[in-house]
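Numbering (numbering that gives the first Met the number 0), first residue to last: 0 to 366.
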Amino acid sequence: MSDPKGTENNLPAARIHSRAAGTFWILLPVLLILLVASVILGVGIGAVPIPAERVTRILVSHILPNAIPVDWTPTDDQIVWVFRLPRVLLAIIVGAALAVSGTTLQAMVRNPLADPFLFGISSGASLAAVMVITLGSAAVGGLSLSAAAFIGALLTTIAVFMLAQKNGRVVPMRLVLSGVALSFVLSSATSFLEMRAAAMDGGNGALAVLNWLAGSLGGARWEHLGLPTLVLIATTATLMVQSRMLNTLLLGEESAISLGINIQQFRLQLFFITSLLVGTVVAISGSIGFVGLLVPHIVRMFVGSDHRRVLPLVALGGGVFMVLVDLVGRTILAPVELPVGMVTSALGGPFFIWLMSRDRKPGADHG
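Here's what the structure looks like:
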């Protein structure tokens with residue numbers, strides 16, 4: 000005979016799960032529609048405005064040749080397809096990659112404040128990339144910009160994790176402090192390289208480094224999209240397959256081990272995935288902060304912490320968020336263009352302070 004009391008106690012959890020699943024199936028198509036709308040909006044708005052209907056027709060004509068008659072100028076076609084669309088697509092890729100990497104970090108260390116920017120991972124990737132820009136690839140063993148950024152991100156991730164351990168366990172506060180401390184050290188080294196570049200060539204190299212470090216999508220070209228797209232698809236698919244293992248990490252190390260998960264091996268794999276994502280996008284867009292903090296938190300407010308639902312939504316949400324942020328940066332002070340990293344920091348800083356203040360409330364301790 001079943002225990003009525005036990006059944007009653009299970010009802011709230013079942014209802015929460017059912018509600019979260021229902022919300023997921025509502026948000027998924029909504030975010031897909033928002034993503035398409037943000038692409039049309041991002042491509043249409045600029046120094047030369049192009050109506051949404053014309054943008055849509057131009058995009059369709061390239062995807063389905065000869066499907067519709069051409070009634071626009073070659074200039075409009077070039078603006079949409081050559082100049083603006085690659086930038087918007089890069090924004091989607093960068094936003095999705097940073098949001099997915101932030102979600103992965105938060106599960107890996109069971110800390111809601113985990114973010115590639117706050118933990119110094121972006122700083123490690125940036126330092127390695129700036130070494131290539133200012134000193135040449137020979138300074139990093141002949142590595143390309145993307146490879147150097149990946150190695151820098153990976154080494155920083157491992158260093159932060161090792162510094163955060165105490166008696167074999169990760170301490171959340173040590174994790175945050177280690178990331179901030181390493182970020183300062185790496186940023187100072189990057190500043191040194193920037194000053195060196197200023198002294199060497201009259202400031203041209205320093206200006207290039209400064210613009211790159213502020214985070215920008217302005218140099219996007221079609222040839223830049225292939226590698227980050229492949230990396231994003233491969234890593235996100237891998238994480239989706241392992242979403243149940245990510246869920247288990249949220250229960251604690253003891254629970255994960257009791258279920259047969261090799262914690263150290265799994266964390267090393269997550270280190271690699273996070274570093275690959277961050278290094279790849281930083282090499283193209285520069286350092287962009289707080290996306291991996293903002294988007295996962297907003298998504299979890301609606302669908303809970305199950306990564307089977309969270310991962311696809313943060314990827315879509317990160318893409319929409321970055322397109323809109325880039326649009327704000329391009330238009331708010333036009334014709335002056337604000338670096339996208341500046342806009343995300345302006346949004347993410349207050350959000351981080353709010354999270355910290357919420358963490359101080361009784362019962363909100365995460366570690």
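Just so it is clear, CB atoms sit at the ideal spot from N, CA and C, and this is done for glycine as well.
Original post:
Considering only residues of the stretch 47 to 72, which uninterrupted beta strand (DSSP E) runs meet the minimum length of 3 residues and lie entirely inside it, listed in chain order?
Top reply: Under the rule that a run must span 3 or more residues, no beta strand (DSSP E) segment is found entirely inside the stretch 47 to 72.
Subject >> Inter-residue spacing [alpha-carbon to alpha-carbon] between valine 131 and leucine 104 >> reply: Cα-Cα distance, rounded: 27 angstroms.
Subject >> serine 254, buried or exposed, once every other Cβ within 10 Å from all chains shown has been counted against 16 >> reply: Counting the other CB atoms within 10 Å of its CB gives serine 254 a total below 16, which places it among the exposed residues.
**OP:** With DSSP collapsed to three states, give me the class of glutamine 164.
**Re:** The DSSP-derived three-state label of glutamine 164 is strand.
**OP:** For glutamate 52, count neighbouring Cβ atoms within 10 angstroms of its own Cβ and tell me buried if that reaches 16, exposed if not.
**Re:** Counting C-beta atoms within 10 angstroms of its own C-beta, glutamate 52 has fewer than 16 neighbours from the protein chains shown and is therefore classed as exposed.
Original post:
In angstroms, rounded to a whole number, what distance separates the CA positions of valine 129 and valine 184?
Top reply: So the alpha carbons of these two residues sit roughly 15 angstroms apart.
**OP:** Taking all protein chains shown into account, decide if proline 111 is buried (16 or more other Cβ within 10 angstroms of its Cβ) or exposed.
**Re:** Classification of proline 111: buried, given that the 10 Å Cβ count is 16 or more.
**OP:** Quick one: residues in its chain with C-beta nearer than 6 angstroms to the C-beta of arginine 86, no 5 flanking neighbours on either side, listed in chain order?
**Re:** Around arginine 86: Leu216 and Ala219.
Subject >> Distance between glycine 123 and glycine 151 (C-alpha atoms, nearest Å) >> reply: Distance between the alpha carbons of glycine 151 and glycine 123: 5 angstroms.
Subject >> Span separating the alpha-carbon of arginine 168 from that of valine 159 >> reply: Distance between the alpha carbons of arginine 168 and valine 159 is about 13 angstroms.
Original post:
Does the distance from the CB of isoleucine 260 to the CB of threonine 247 come in under 7 angstroms?
Top reply: Result yes, Cβ atoms of isoleucine 260 and threonine 247 sit closer than 7 angstroms.
**OP:** Determine the burial state of threonine 72: buried for a count of at least 16 other Cβ atoms within 10 Å of its Cβ, exposed for fewer.
**Re:** Classification of threonine 72: exposed, given that the 10 Å Cβ count is below 16.
Subject >> valine 99, DSSP secondary structure in three states >> reply: DSSP places valine 99 in helix when its eight states are reduced to three.
Original post:
Three-state secondary structure (DSSP) at valine 339?
Top reply: Helix, per DSSP.
Original post:
So which of Val59, Thr22 and Pro48 has the shortest CA-CA distance to valine 35?
Top reply: Taking valine 35 as reference, the option from Val59, Thr22 and Pro48 with the minimal CA-CA separation is Val59.
Subject >> Residue nearest to phenylalanine 320 in terms of C-alpha spacing, selected from Val47, Gly21 and Leu97 >> reply: It is Leu97 whose Cα lies nearest to the Cα of phenylalanine 320.
Original post:
With distances taken from CA atoms, which of Leu181, Gly340 and Ile331 is nearest glycine 45?
Top reply: Nearest of Leu181, Gly340 and Ile331 to glycine 45, Cα basis: Ile331.
Original post:
In this structure, what does DSSP give as the bridge partners for valine 169?
Top reply: Bridge partners of valine 169: Gln164.
**OP:** Have a look at Met194, Trp211 and Val175 and flag the residue whose alpha-carbon is nearest the alpha-carbon of leucine 116.
**Re:** Contrary to the premise, residue 116 reads as phenylalanine rather than leucine in this sequence. If we check each option's Cα against that of phenylalanine 116, Val175 comes out closest.
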